[in-house]
Structure formats: C-alpha cells, structure tokens
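Encoded as structure tokens, the structure appears first; notes follow it.
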Amino acid sequence: MKFQYKEESSDFTILLIDLKALYPFINCTNCGPRFSIIKSLPYDRKNTTMSKFLMCEECKSEYENPLDRRFHAQPNACHKCGPDVFLYKNNKTLVDKSINAIYKAVEFINKGEILALKGIGGFHLVCDATNEETVIKLREKKKRFEKPFAVMFKDLQTLESFANLTDFERVLALSPERPIVLVEKKENTKIVESVAPHIKKLGVFLPYSPLHYILLNLVDKPLVMTSANLSDEPIVKDNKEAFEKLSHFCDYILLHDRDIENRVDDSVVFSVENRMIFVRRSRGYAPLPIKLPFKLDKNVLAVGGHQKVVFAIAFDDKVFLSQHIGDLETISSQENFTDAVKKFLKLYDFKPDVVVSDLHPKYFTTQWAKDFSVEKGIRHLKVQHHYTHALSLMADNNLDKNMEILAVCWDGTGFGIDEKIWGGEFLISSYKDFKRMLHLDYYKLIGGEKAVKEPRRVALSLLFHIFGENTLNLNLPPLNSFKEEDAEILFKMWKNDINSPYTSSVGRLFDAVASLLGVCQTISYEGQSGMILERYYNKSEKGFYSFSIDKDTIDFKPVILDIINDKSDLDIKVSRFINTLAKLIIEVGKLIGLPIGLTGGVFQNKALLEKALELSEKEKIKILLHKNVPPNDGGLALGQVVYPLFNLF
Ligand code: ZN
Ligand code: FE
Numbered sequence: 069m070k071f072q073y074k075e076e077s078s079d080f081t082i083l084l085i086d087l088k089a090l091y092p093f094i095n096c097t098n099c100g101p102r103f104s105i106i107k108s109l110p111y112d113r114k115n116t117t118m119s120k121f122l123m124c125e126e127c128k129s130e131y132e133n134p135l136d137r138r139f140h141a142q143p144n145a146c147h148k149c150g151p152d153v154f155l156y157k158n159n160k161t162l163v164d165k166s167i168n169a170i171y172k173a174v175e176f177i178n179k180g181e182i183l184a185l186k187g188i189g190g191f192h193l194v195c196d197a198t199n200e201e202t203v204i205k206l207r208e209k210k211k212r213f214e215k216p217f218a219v220m221f222k223d224l225q226t227l228e229s230f231a232n233l234t235d236f237e238r239v240l241a242l243s244p245e246r247p248i249v250l251v252e253k254k255e256n257t258k259i260v261e262s263v264a265p266h267i268k269k270l271g272v273f274l275p276y277s278p279l280h281y282i283l284l285n286l287v288d289k290p291l292v293m294t295s296a297n298l299s300d301e302p303i304v305k306d307n308k309e310a311f312e313k314l315s316h317f318c319d320y321i322l323l324h325d326r327d328i329e330n331r332v333d334d335s336v337v338f339s340v341e342n343r344m345i346f347v348r349r350s351r352g353y354a355p356l357p358i359k360l361p362f363k364l365d366k367n368v369l370a371v372g373g374h375q376k377v378v379f380a381i382a383f384d385d386k387v388f389l390s391q392h393i394g395d396l397e398t399i400s401s402q403e404n405f406t407d408a409v410k411k412f413l414k415l416y417d418f419k420p421d422v423v424v425s426d427l428h429p430k431y432f433t434t435q436w437a438k439d440f441s442v443e444k445g446i447r448h449l450k451v452q453h454h455y456t457h458a459l460s461l462m463a464d465n466n467l468d469k470n471m472e473i474l475a476v477c478w479d480g481t482g483f484g485i486d487e488k489i490w491g492g493e494f495l496i497s498s499y500k501d502f503k504r505m506l507h508l509d510y511y512k513l514i515g516g517e518k519a520v521k522e523p524r525r526v527a528l529s530l531l532f533h534i535f536g537e538n539t540l541n542l543n544l545p546p547l548n549s550f551k552e553e554d555a556e557i558l559f560k561m562w563k564n565d566i567n568s569p570y571t572s573s574v575g576r577l578f579d580a581v582a583s584l585l586g587v588c589q590t591i592s593y594e595g596q597s598g599m600i601l602e603r604y605y606n607k608s609e610k611g612f613y614s615f616s617i618d619k620d621t622i623d624f625k626p627v628i629l630d631i632i633n634d635k636s637d638l639d640i641k642v643s644r645f646i647n648t649l650a651k652l653i654i655e656v657g658k659l660i661g662l663p664i665g666l667t668g669g670v671f672q673n674k675a676l677l678e679k680a681l682e683l684s685e686k687e688k689i690k691i692l693l694h695k696n697v698p699p700n701d702g703g704l705a706l707g708q709v710v711y712p713l714f715n716l717f
C-alpha cells in the first residue's frame, strides 16, 4: 500500500500515488463491502455483484498471493479493472466519471447543491451541513421538517471540533463498523441549527468507504448524510431507482456500477456509562450471529414487529438477525420485507420448523407469518409484545434457562393480552412465562393514532382524568395550544369513549409531560418529545415528584399534579420528572427483589438510563441493559426466537 492518510494532520496526504491511490473502491482482505454485495454463500467473488468485473493481472496477483494484504479480498479491484463512479445531473445527463466526477461533485456541494450518493448499502442524500439554506432546501424536498440528520466528518479531529465526545464515544466512532454515534453537539459551531433542530444531540460518523474518504477530504467540511428514500419506503439502492425516485430530491447523482444486492442502512448507537446501546443494528453488524446461552431444538424464523422491523433466523445456539428493514407502513416497505426474508432463507439455505410473530392481529408481519405457516405447513406462534422485549433482554444478557427477572418494558405501543395498548409494564419474566406485576394506570388516547402525533392530546387526556370537565378552564400549555371549541370536542370524545383506546404507555406519558411543560405540542418524528426533554435534563438536580402504587397499577396523577404545581425552572421540572421514573424503577425493583431489566423504546433515553443506573448502584441492585440488539422494536426478533424452545410442545 503506497497510500497514506495521516489521522494526526487535517491534510489529505497522498505520499506516493500508485494505481490504487484515489481509487474509490479500494479494499483489503479485512475491509470492504461484504453483506451488501453477497448473492449466495460461500463468500466468493463469483457469488457477489463483483462477478461482472474481471480482475486485471496486477489485481489477480495480489488476490492470489498469501503474503499480500489483498489476498482473497473478494471485491479486489483497481482503476483498470473495477467499478467506477459517474456523476449525473438529476435529468440523467452524464457530467463526468472517475476522479473528475468526484472533483465536480465537491464543487457542486460547495455551491450548495444536494447530491445523491451511492454508498455501500444504499444511497444517501448529501449536502453541506454548514449551509442553512441548503439544509432547509433538503428538508423541504424530503418533507422531513425536524427529524435530525446525521453528519459525516472527514476525521475524528474535525468531528471533535463540532461535538463533545467521551473516550468511549471516540472508540465507537472509530470502530471498524463505523456506526452513527449519538453525541452531544457543541454550541455555536458552524453546523446549522436545522441539521438537528431543538435538540442537543447530533448523530455523527466517520467515512466508511474509500469514496467517502475522498469526498469528505476534498470538500473539507461536515456533510449531512441521510438515507435516501421516500418517506416510509426502504433506502434506494439501484441506479435506475435512484433516477426515478431521487431526482427531485437532489441536483446531482454520484453513482457507481457496483450493484448493491442487499440494502443495508447505517447503524446507530449511543453510549451509557461506557456501554454501547444500539438504536439500530444494521451495517457493520448484521447479519453477524448472536450466540444464545442454550441450544434451540427447532429452526426458528422470527419476523419482528411493525416498526423498526428486524427479522431473524435461528438454529442451535445461533441467531442471525437481519439488517434494519424499517417500518412497514407502505406497500413497498412490505415488499422489501418479503424480499429480504426470502433472500435470507435462500442465502442460509434455511428451512424453518416454526415461525414466530407478535400478538398484534393487524401487524403486517403477523399476517405474513400466518400465511407463511400455512404455505409451509409449520406452526405459527404469537408472543405478546412486551414479554418479547423481556425475552430479548434475557437472551441478550445470556441469562440461563432458570433465571427470572423484573423486566421493565416501557415503550410507545404494543398489543396487550387484554387487547388494550400496553407500554408501561413491569413483568416478572422467565423464559417460560411472564406475570404482569404492575403497569401504568390506563388512560385514554383521544383520537387513537392521532394522539401519537399530538402530545397535547395525551396531556389533555391525563388532565381530563384528574380534573374532568374543569380541565377546560385551566391555563396550561396543552389547552392553550387548542381552540376552545376543539378542546371541548376532545373532552366529549374522551368522556364518551369515541375513538379513545386505553393505554398504559410510558412513551406517551413522556409526550404528555413535554406538552404540559410547553416544549412540544405536536411531533413530526417518533421519540421527538423524549429527545427534547433530554435537552433540558440537568444532572445536578436530585429532586423527585411523588407517585403511588395501587395494587397492580401505578397512579400517574400525583406526578402530573406535582408538575403543574411546581414553579421551578423548566430544566428542574424535566429533571425531576425523569428522576421520578428512575426512582419508580428502583422502588419496584426493591419490592420484587429480582434483577431489573430495562427494555423497550423508552430506554433509548440516555438521561433516564443514567439516572436509573446511578440509583441502582446506591441501592446495590443489579440492572440489565441490552448489549447486542436495540431496546426498541428492532430487538424483538431476538426475543421471538427463544420462545418456541419453552412453549412449543
Ligand atoms: Zn485491477
Ligand atoms: Fe415495543
């Protein structure tokens, strides 16, 4: 290798240029694409999308030489024999190719244009993160108004001038998997507010392909890099598809002629007390197997839930979790799910004996599993959503067969065995069974799905529970955000049970509190209210609000009343609310006397996790967190695969 990139200087230094230097598809035996280009196993060039490129003599000699760093590097290629890059205008006119295409793309990015860029597992939309006008243009085109964009930096040193990283976060950012790491953004940097509006976090990552390295070093500024897809559709991976679907999002398309066989999104992680927590386990990690603490007696296919879908196949003590498939709201995302499962089954030549899904009758995956079981003549098992979270956490922590834990399963929504919407659950959980010990007292979601998008509706509902019709006379942010007559209609809906299903969701409780505190009345992406609350969390505040436990329910009224009556500053109130949830976990844990496990989407809240860990240390109570799969619904499939062993007779 005669190509050197100096991490310590900010220069992109090429010491000696040989044929491979500045080649955007360079790789060695230990790096380069793998899963994204595999068509079938074993992983040989002929079974990948590199098969159409014939290695030149020089590449072949590297490939065949055991002493060469590119010995048996399946995608080995060079300028002469391998894939190339091409820059097109969004109207399909070819602008340039090879290194000149990259130079020109850089010019256009600097002028404030938006670029669609083909990477390892799909396309990104790319633009200058320091140009407010461009970032706003991208938001308007994508109709994605607030959900934060990830930002790629050319190297760690540059990254650190824009964000505060702990040592451990540095390790995560530099790890070969190159995930997006959620870190604290610095104030007053050149990264514009519209990259991640209203929150203190920033998703950051470093280049993970030679094309990224070249581009980032030439452009020399942080770039927004966001998955290129239509809303709720899978990430675009093919060149033809890019012209069809992305041309109105971008000005230019920088693509290459190495086909992507398996689309794979970027992984997302964050750190809590030097532990890595997944938000999304995908590129770099999937489909590497996870080992179970015991052996399964059946071949299991698990299909996940409905949002952030990840499916899995499992046999023996191995679980192969798929890449992130995403939310299955649209036909094309559902087709992508079906395709991805088929490819996976073929790739591993896997014949399931049983298929496991969520209990929710309306999830696409539940229906799919049912049809699949009929087609293949195999059993279909359904597992309750929150118990699945608990099982996932147990398997993730390698707990042995006879262990029992107190699983705190908090998320936005999941179908309960009483057909209500669960989401604030304390389950005593073993691999065989669970008992619902405690849950957040039921309240109504006025307007059902609509309440999920409007935290103020949830806040109103909680207020109706406490004050009844008198709520309408209160002077509080959620009320002030509604017209008087609308609030009256909502009260009638609440009172008469019109489209107002019951829920015990802690995710929605976060929404309600964000609304009550006046920081968030409606949301435009999932988890937004929690992210905004986290921004105000103040570690030095040690106070709590009151809560009470009544038989099998946790009463939320005292917390809400305390919040209303608390005249402290916003950050104090936010901190006291989050501290209260952490204290609730520990208090129930002390009562039950079992190890506590934290699972479900709510436990992506770093402030809550840190506070719970802090309190558990004081009380000397063991807390289990997720290790290899996300606490959110992306981890469900791991829970589903272990279920049949203990429940299929
Ligand atoms: Zn070559
Ligand atoms: Fe969930």
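Per this note's numbering, residue 69 is the first one in the sequence shown, and the count goes up by one each step. The beta-carbon is built from N, C-alpha and C at its ideal position, and this holds for glycine as well. Quick caveat: nothing in here was measured; it's all calculated off a predicted structure.
From the DSSP output, in three-state form, read off residue i for me.
| i | result |
| --- | --- |
| residue 477 | strand |
| residue 295 | strand |
| residue 570 | strand |
| residue 323 | strand |
| residue 691 | strand |
| residue 590 | coil |
| residue 710 | helix |
| residue 385 | coil |
| residue 133 | coil |
| residue 421 | coil |
| residue 604 | helix |
| residue 719 | Here the chain has residues from 69 to 717 only, and residue 719 is not among them. |
| residue 215 | coil |
How would you call residue i, buried or exposed, if buried means at least 16 neighbouring beta carbons within 10 angstroms?
| i | result |
| --- | --- |
| residue 72 | In this predicted model, residue 72 has a pLDDT of only 38, less than 50, meaning its place in the structure is not dependable; the value taken from the coordinates is given anyway. With fewer than 16 other Cβ atoms within 10 Å, it is exposed. |
| residue 536 | exposed |
| residue 593 | exposed |
| residue 428 | buried |
If you follow the beta strand (DSSP E) that residue i is in, where does it begin and where does it stop?
| i | result |
| --- | --- |
| residue 195 | 191 to 196 |
| residue 219 | 218 to 220 |
| residue 621 | 621 to 623 |
| residue 667 | 664 to 667 |
| residue 507 | 502 to 508 |
| residue 252 | 248 to 253 |
| residue 344 | 343 to 348 |
| residue 362 | Careful: residue 362 lies outside any beta strand (DSSP E) and carries neither H nor E. |
Where residue i and residue j are concerned, what is the direct C-alpha to C-alpha distance, given to the nearest angstrom?
| i | j | result |
| --- | --- | --- |
| residue 334 | residue 185 | 14 Å |
| residue 143 | residue 388 | 23 Å |
| residue 660 | residue 476 | 12 Å |
| residue 219 | residue 289 | 10 Å |
| residue 155 | residue 408 | 29 Å |
| residue 91 | residue 378 | 34 Å |
| residue 412 | residue 374 | 19 Å |
| residue 196 | residue 179 | 9 Å |
| residue 153 | residue 277 | 13 Å |
| residue 225 | residue 271 | 16 Å |
| residue 628 | residue 466 | 38 Å |
| residue 709 | residue 295 | 29 Å |
| residue 530 | residue 566 | 16 Å |
| residue 103 | residue 115 | 11 Å |
| residue 332 | residue 626 | 45 Å |
Span of the alpha helix (DSSP H) holding residue i?
| i | result |
| --- | --- |
| residue 641 | 638 to 660 |
| residue 140 | No alpha helix (DSSP H) contains residue 140, which DSSP labels as neither H nor E. |
| residue 415 | 399 to 415 |
| residue 281 | 278 to 287 |
| residue 533 | 523 to 535 |
| residue 167 | 166 to 178 |
| residue 464 | 453 to 464 |
| residue 314 | 307 to 314 |
- Message: Between the segment 205 to 222 and the segment 246 to 263, can you find at least three pairs of beta-carbon atoms closer than 8 Å?
- Response: yes
- Item | the segment 616 to 624 contacting the segment 429 to 440, beta-carbon criterion three pairs below 8 Å | no
- Message: When you compare the segment 284 to 304 with the segment 179 to 197, are there three or more beta-carbon pairs, one atom per stretch, that lie closer than 8 Å?
- Response: yes
- With contact counted as at least three CB pairs below 8 Å, one residue from each stretch, are the segment 269 to 289 and the segment 163 to 171 in contact? yes
- Query: Quick one: any contact between the segment 228 to 236 and the segment 311 to 325, if contact means 3 or more CB pairs under 8 Å?
  - Reply: no
- Does the pairing of the segment 602 to 610 with the segment 559 to 574 give three or more beta-carbon distances under 8 Å? no
- Query: Touch check for the segment 114 to 131 and the segment 333 to 350: three-plus C-beta pairs under 8 Å?
  - Reply: no
- Flag this pair as touching only if the segment 442 to 453 and the segment 478 to 490 have three or more C-beta atom pairs under 8 Å; answer yes or no. yes
- Query: Is the segment 691 to 709 touching the segment 660 to 669, taking contact as three or more C-beta pairs under 8 Å?
  - Reply: yes
- Query: Are three or more beta carbon pairs between the segment 671 to 681 and the segment 644 to 656 nearer than 8 Å?
  - Reply: yes
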